[in-house]
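First up is the structure itself, then whatever we jot down about it.
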Amino acid sequence: MSATELKAPKGKTRVIGVDLFDHEHYLIKDCDTQNEAFNLADKKNKERTGSMDDVLYVYDDEGRYLHGDEVSGHGVSP
3 MSATELKAPK
13 GKTRVIGVDL
23 FDHEHYLIKD
33 CDTQNEAFNL
43 ADKKNKERTG
53 SMDDVLYVYD
63 DEGRYLHGDE
73 VSGHGVSP
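The numbering of the sequence shown is our numbering, which starts it at 3 and goes up by one.
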């Protein structure tokens, strides 16, 4: 996924999923607030049961990484 694809629309926060097996990135949701995006990513990342389960990351409208898999304890980062 390119840096442009990581950028959320202006004023939004983007949640991206990453398949750790094949390293494919995919859009989960463009959220209205950072809090909504963080909560979505945290909920899904906490549900991970294995080290190869998909991971969700959060990016801002400039494509900057904001948040990721800190909650699961697996320590996977973009």
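By construction, the Cβ of each residue, glycine as well, lies at the ideal position given by its N, Cα and C atoms. Because the structure is a prediction, the values reported are computed rather than measured.
- In the displayed model, Lys31 falls within a strand according to three-state DSSP.
- Annotation: the continuous beta strand (DSSP E) that includes Leu68 extends over Tyr67 to His69.
- Per DSSP, the continuous beta strand (DSSP E) segment holding Leu58 begins and ends at Val57 to Tyr61.
- At a Cβ-Cβ threshold of 9 Å, His25 and Ile18 do not count as neighbours.
- Exposure of Arg66 is indicated by the presence of fewer than 16 other C-beta atoms within 10 angstroms of its C-beta.
- Of the other Cβ atoms in all chains shown, fewer than 16 fall within 10 Å of the Cβ of Thr35; this residue is therefore exposed.
- The Cβ atoms of Pro11 and Asp32 sit closer than 9 Å to each other.
- In the structure shown, Thr51 falls within a coil segment according to DSSP collapsed to helix, strand and coil.
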